[in-house]
Every structure is written in structure tokens, then in C-alpha cells.
Amino acid sequence: MEAMRQLITRFWHFLPVTIILYLSLFTHFTLAFVALARRTSWNLPKWQLAQYVLGFSVPLLLIPHVIGARLTPALLETVEGGYQWVLGAIWNTEGLLFWQSLMLLIVWSHFCCGIHFWLRIRAGYRRWLSLWHILAIVIPLLALLGVYRAAFEVGDIDLGERWQRVSAGYPEVVEQLLWADNAARNLFWGCLLLVAIYHAVRIYQGRRRTTVWVNHPNRGLLNTLLSN
Ligand code: HEM
């Protein structure tokens, strides 16, 4: 598994690919916030509501993961990274195995919903619908079984001692990691707050406007906005 990761990592850590990965994450999150801000009605189908809820729960689960799995080994030269490092943390931090598994299921369901509602009217996609259903269940199940088995193999680690060992002598890097974690979370909550303020202002402006009924000679009775 670690050998495979090293092979895949060579691809992901190739600078243009890393830039594309993080740019696409950034674009996806930005578009999601824009879509949330532009909504004029919350009367939406259940699948779309699920997409919003699932999608907006991803950043909070993903931020500590990326900081722990990618940024920490990148900044701390004492950390080798890899599955030994990540699975050790997941297995030995109370509740993290649950949250990590939940994130995997959320990201997967969000992906499946998105693909399904994008392709649902295409005949080629519908022809293989039963196969997609099976894959949608089997793939995350196998992934989770792999995670649980590998985490069990990594076994018990004293995380406190491990952190002391790798971070001793690098207080400024620890500071940077904490800063990155806080900054990313604050950015997320800040964007959500901005969207909420935008909606509040729009509702307030809507209430201030008065509507009047106009009897149009050709088009009948029309309800028109009267701005203050
Ligand atoms: C239990 C499930 C998971 C495990 C065991 C796991 C493990 C890892 C490991 C070992 C790395 C470091 C890779 C490397 O540097 O070679 C990593 C990075 C990463 N993981 Fe996960 N991961 C899991 C779930 C997820 C999920 C659901 C996502 C959602 C999108 C995700 C997104 C990422 C990202 C964005 C990176 C950084 C990639 C990079 O910059 O190279 N992971 N993960």
C-alpha cells in the first residue's frame, strides 16, 4: 500500500499537478459559495439540499486532514509522512477514525449525487445504471475496509510522544501549522458569514420595497415593485 502511495504521490507532488489540484478545490468551493449566495428560494429538491449539506461539511473535515497529511510532512523535515504517519494519527486519536470515514462517505456521496444528476438523462449512462449503483456502494466499502485493516496493522502509537519527538526544536513550524489551520477554518466561516449577510441585506431590501398592482391595458393585472 505504501509502495503504491509513493508511486501516486510522485504524480500528485509534481508541481503543475499540485497547482491544478488545489486550484480545482478552490474553484469548487468558490462556486459553491457563489451558488449559495445566489439562491433566491430554499424550496429545492431533496437531492440538491443534500448536495449543499454534504458539500459544505467537507471543508471542515478536510482542513485538518490536508494540514496533517500534506503540510506537516512538507514543513517539518523530521516527519516522513505517508500512511504510517496518517493512519497512525487516525487510529490513535479518539473519534478520528469515525470522522475520517464519515468524510470519505460524504465526499463519495457528494461526488455520486453530482455525477448522477449531471448524467441522468443520458441514455448511455442509464443503460448501465445498475452497475453504477453497485459501484457506488462497493467502492467506498472496499476503501473503508482497506483503511480499517491498514490502521489496525499500524497499531497503537503514543501520539503525544511522537509529536514531541518530531516537533522539538521547530517552534516556528508548529506556529505556522497552527496558523494555517486557524486561517483555513476562519476563511471558511468568514465566507459563510458573508453569504449570510448578503442574504440578510437582500431580505431587508426586499421588505422595504412595496409592490403595487397595475392594471395593464394589454397584459392584465401586474404586480410591480415600487422602490423607496
Ligand atoms: C480514511 C481515509 C483517508 C486516508 C487514510 C487518507 C490518507 C492520506 C494520506 C496518507 C495522504 C498523504 C499523501 C502523500 O502526501 O503522499 C493524504 C493526503 C490528502 N488527502 Fe487523504 N486520506 C483519506 C481520505 C481523504 C478524503 C475523503 C479526501 C477528500 C477529498 C482526502 C483528500 C486528501 C488531500 C487533498 C490530500 C493532500 C494531497 C496532496 O496535496 O498531495 N483524503 N491522505
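Counting in numbering that gives the first Met the number 0, the sequence shown tops out at residue 227, every number present.
Heads up, the beta-carbon is just placed ideally off N, CA and C, and yes, glycines get one too.
For Thr26, the uninterrupted alpha helix (DSSP H) segment begins and ends at Leu14 to Arg37. Between Gly54 and Ala88, the C-beta spacing is not below 8 Å.
Pairing Trp46 with Cys112 gives a Cβ-Cβ distance under 8 Å. Residue pairing by DSSP leaves Leu48 without any beta bridge partner. Within 10 angstroms of the beta-carbon of Trp84 lie 16 or more other beta-carbons, which makes it buried. Shortest gap from the CB of Ser100 to any heavy atom of ligand 1: under 7 Å. Distances taken from the Cβ of Val165 to the heavy atoms of ligand 1 include none shorter than 7 Å. Straight through space, the alpha carbons of Thr39 and Ile202 are spaced by roughly 10 Å. Looking at the backbone, the Cα of Ile7 and that of Pro15 are separated by about 15 Å.
Where Trp107 is concerned, the enclosing alpha helix (DSSP H) starts and stops at Leu95 to Leu118.
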